[in-house]
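Enquirer: Pasting a structure here, questions to come.
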Amino acid sequence: MTYLINRNVSPKRPLTDQQLLEIILQTDIHLYPEDELTRFKTLYANYYQLDPQQIELANGSDDWLQKIMIQFGAGGVLTIDPDFFMYQAYAEQFNRPFWQVPCEKDFEFSLEKIVAAIKEKQPSVLLVSNPQNPTGEQFTAEFLQTLADEMAAIKGHFVIDEAYIEFGQEYVRPQNENVIYVRTLSKIYGLAGLRLGIAIAKGKTFERLTRINHPYPVNNLALNIASALFENRDQLAEWLSYQKACQAQLVEAFQQVSDLIQVKSTRTNFVFTYGEKARDLGAFLAKHGFVARTYELPILAEAVRYSIMDLAQYPEFERLIKEWRELNV
Numbered sequence: 001m002t003y004l005i006n007r008n009v010s011p012k013r014p015l016t017d018q019q020l021l022e023i024i025l026q027t028d029i030h031l032y033p034e035d036e037l038t039r040f041k042t043l044y045a046n047y048y049q050l051d052p053q054q055i056e057l058a059n060g061s062d063d064w065l066q067k068i069m070i071q072f073g074a075g076g077v078l079t080i081d082p083d084f085f086m087y088q089a090y091a092e093q094f095n096r097p098f099w100q101v102p103c104e105k106d107f108e109f110s111l112e113k114i115v116a117a118i119k120e121k122q123p124s125v126l127l128v129s130n131p132q133n134p135t136g137e138q139f140t141a142e143f144l145q146t147l148a149d150e151m152a153a154i155k156g157h158f159v160i161d162e163a164y165i166e167f168g169q170e171y172v173r174p175q176n177e178n179v180i181y182v183r184t185l186s187k188i189y190g191l192a193g194l195r196l197g198i199a200i201a202k203g204k205t206f207e208r209l210t211r212i213n214h215p216y217p218v219n220n221l222a223l224n225i226a227s228a229l230f231e232n233r234d235q236l237a238e239w240l241s242y243q244k245a246c247q248a249q250l251v252e253a254f255q256q257v258s259d260l261i262q263v264k265s266t267r268t269n270f271v272f273t274y275g276e277k278a279r280d281l282g283a284f285l286a287k288h289g290f291v292a293r294t295y296e297l298p299i300l301a302e303a304v305r306y307s308i309m310d311l312a313q314y315p316e317f318e319r320l321i322k323e324w325r326e327l328n329v
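Under the UniProt record's numbering, the first residue of the sequence shown is numbered 1, with each subsequent residue one higher.
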């Protein structure tokens with residue numbers, strides 16, 4: 001049996017077969033999704049206590065990243081290294097200048113170095129994932145507010161990619177008008193296949209970002225499935241509890257080898273490990289069916305990232321880690 005724990009997606013889907021069948025039969029595929037768009041945006045805004053007039057949808061958060069490159073990236077894009085690899089890919093698609101601020105040896109990020117790069121490069125976009133991918137770190141509110149203010153000072157935009165925020169801690173978000181928040185239903189909500197991305201912004205930033213969006217960016221069926229999940233608050237709470245239990249179990253599994261490899265504290269649905277023996281553990285687990293994420297980039301040469309799995313899979317996973325430990329002490 002092979003378990004692919006290398007993509008940061010949910011171990012299973014959040015709705016039952018019966019629920020999905022009912023949603024399909026009730027979906028008006030012959031009509032444009034006007035009511036469905038309004039319905040989901042209202043449900044999402046109510047759940048997060050947001051203004052629905054400051055929310056827009058697209059075909060996955062990747063669609064928003066591309067639109068950000070089109071509308072705001074002409075002056076260049078700055079991010080940190082490592083971060084979500086698609087930031088660079090989308091910048092290159094539109095020939096946007098691209099710069100990165102490398103992390104420290106312990107995969108921490110220096111606020112002073114990022115601020116210095118903003119002042120030197122004068123990018124039109126600063127893009128940072130929070131919680132951070134691939135390290136799992138969640139930045140402090142003060143850290144993010146400083147970056148928002150620094151980008152405002154050069155009339156640039158600050159994009160905070162919150163793909164994993166539901167696994168993290170609530171924080172006081174920068175309210176600057178130059179800030180764009182990008183979210184997804186692909187991670188904790190277990191709806192990666194729906195390709196539903198959310199952008200949150202305000203004022204002229206929101207108007208400019210959404211100006212190039214499609215009139216119907218998400219299809220009826222995807223919207224109805226997502227709405228069904230948010231309509232049933234009790235079921236949703238149970239689902240989120242399951243996901244966080246999977247996260248907690250993954251974190252606990254690596255405690256037994258935290259003296260042999262470096263294990264980063266995480267606010268995501270994955271655990272990031274590194275060090276001389278980290279790749280060896282990753283190879284051992286892959287040999288026994290648990291295939292984690294490894295990297296070719298030099299900065300991540302000794303790193304392995306593990307996504308959550310279903311709770312039923314953890315006993316075997318933990319047994320294998322224990323076996324590897326006994327071979328290495």
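All residues carry an ideal CB built from backbone N, CA and C; glycine is no exception.
Mapping DSSP to helix, strand and coil, what is residue 225?
Expert: Here residue 225 sits in helix by DSSP.
Enquirer: Name the residue from 217, 29 and 133 whose alpha carbon lies nearest to the alpha carbon of residue 80.
Expert: Residue 80 has its Cα closest to that of 133, out of 217, 29 and 133.
Enquirer: Verify whether the separation of the beta carbon atoms of residue 267 and residue 138 is less than 8 angstroms.
Expert: Going by C-beta atoms, residue 267 is nearer than 8 angstroms to residue 138.
Enquirer: May I ask you to report which of helix, strand or coil DSSP gives residue 107?
Expert: Looking at residue 107 - three-state DSSP - the assignment turns out to be coil, as it is neither helix nor strand.
Enquirer: If you follow the beta strand (DSSP E) that residue 278 is part of, which residue opens it and which one closes it?
Expert: That residue, residue 278, is in no beta strand (DSSP E); its alpha helix (DSSP H) goes 278-287.
Enquirer: Give me the Cα-Cα distance between residue 169 and residue 183, rounded to the nearest whole angstrom.
Expert: Approximately 15 angstroms, taken between the alpha carbons.
Enquirer: Should the segment 238-257 be called in touch with the segment 50-65, which here means at least 3 C-beta pairs below 8 angstroms?
Expert: Touching, no, given that fewer than three Cβ pairs across the two stretches are closer than 8 angstroms.
Enquirer: Suppose you measure from the CA of residue 282 to the CA of residue 304; what does that come to, to the nearest Å?
Expert: Spanning the two alpha carbons is a distance of roughly 6 angstroms.
Enquirer: Can you give me the start and stop residues for the beta strand (DSSP E) that residue 271 sits inside?
Expert: Residue 271 -> beta strand (DSSP E) spans 270-274.
Enquirer: Taking the runs of the beta strand (DSSP E) that are 3 residues or longer, which of them lie wholly in the segment 66-143?
Expert: Counting whole runs of 3 or more residues, the segment 66-143 contains the beta strand (DSSP E) stretches 77-81, 98-102 and 125-129.
Enquirer: Going by DSSP, what residue range makes up the alpha helix (DSSP H) through residue 161?
Expert: That residue, residue 161, is in no alpha helix (DSSP H); its beta strand (DSSP E) goes 157-161.
Enquirer: Considering only residues of the segment 144-219, which uninterrupted beta strand (DSSP E) runs meet the minimum length of 3 residues and lie entirely inside it, listed in chain order?
Expert: For the segment 144-219, whole beta strand (DSSP E) runs of length 3 or above, ordered along the chain, are 157-161, 179-184 and 196-200.
Enquirer: Please check the pair residue 130 and residue 148, which I expect to be a contact at CB under 8 angstroms, by giving their CB distance rounded to whole angstroms.
Expert: At roughly 12 angstroms, the Cβ-Cβ gap does not stay under 8 angstroms, so residue 130 and residue 148 are not in contact.
Enquirer: Have a look at 68, 108 and 315 and flag the residue whose alpha-carbon is nearest the alpha-carbon of residue 246.
Expert: Checked all of 68, 108 and 315; the closest Cα to residue 246 is 315.
Enquirer: Strictly under 8 angstroms for the Cβ-Cβ distance: is residue 218 near chain C by that measure?
Expert: In the structure shown, chain C does not exist; there is a single protein chain.
Enquirer: Counting along the chain, where does the beta strand (DSSP E) carrying residue 306 start and finish?
Expert: 303-307 is the span of the beta strand (DSSP E), which, as asked, contains residue 306.
Enquirer: Using the Cα positions of residue 146 and residue 115, report the straight-line distance between them to the nearest angstrom.
Expert: Cα-Cα distance, rounded: 8 angstroms.
Enquirer: Look at residue 77 and residue 98 and say whether their C-beta atoms are less than 8 angstroms apart.
Expert: Their beta carbons are under 8 angstroms apart, which means residue 77 touches residue 98 by this criterion.
Enquirer: Which residue's Cα is closest to the Cα of residue 273: 144, 299 and 39?
Expert: When only C-alpha atoms are compared, the closest one is 299.
Enquirer: Compare the C-alpha of residue 171 against each of 120, 285, 144 and 190 and name the closest.
Expert: Selected option, being the one with the closest Cα: 144.
Enquirer: Excluding five sequence neighbours on each side, which residues of the same chain lie with their C-beta closer than 8 angstroms to the C-beta of residue 50?
Expert: Cβ within range, chain order: 44 and 200.
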